[in-house]
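Novice: A single structure is presented below for examination.
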């Protein structure tokens, strides 16, 4: 991906602002960041691990589970 095709967006996830660059539309990057933020906050609300890294892993696992379920549903 060249700098000419890259899009940039600032995304806040669990209190930290990240500068993201990708091929996707900046709005899509912001929406993806919002989903990750939501999943991390859900994990934190359920008392799951206090450190940011652990919450990020739990968020990733929850998102992966949702993806797998969606793929299985599509295959049916």
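Numbering (my numbering), first residue to last: 85 to 160. Glycine included, each C-beta is placed from N, C-alpha and C at the ideal position.
Report all residues from its chain with a CB closer than 8 Å to the CB of residue 104; omit the five preceding and five following residues, and keep chain order.
Specialist: 92, 93, 94, 95, 113 and 117
Novice: According to DSSP, is residue 137 part of a helix, a strand, or is it coil?
Specialist: Residue state, collapsed to three classes: helix.
Novice: When you compare only the Cα positions, how much space is there between residue 126 and residue 138?
Specialist: 13 Å
Novice: How should residue 97 be labelled, buried or exposed, when 16 other C-beta atoms within 10 angstroms of its C-beta is the threshold for buried?
Specialist: buried
Novice: Does DSSP put residue 157 in a helix, in a strand, or in coil?
Specialist: helix
Novice: Report yes if the CB atom of residue 123 is closer than 8 Å to the CB atom of residue 147, and no otherwise.
Specialist: yes
Novice: Where do the ends of the beta strand (DSSP E) carrying residue 106 lie?
Specialist: 100-106
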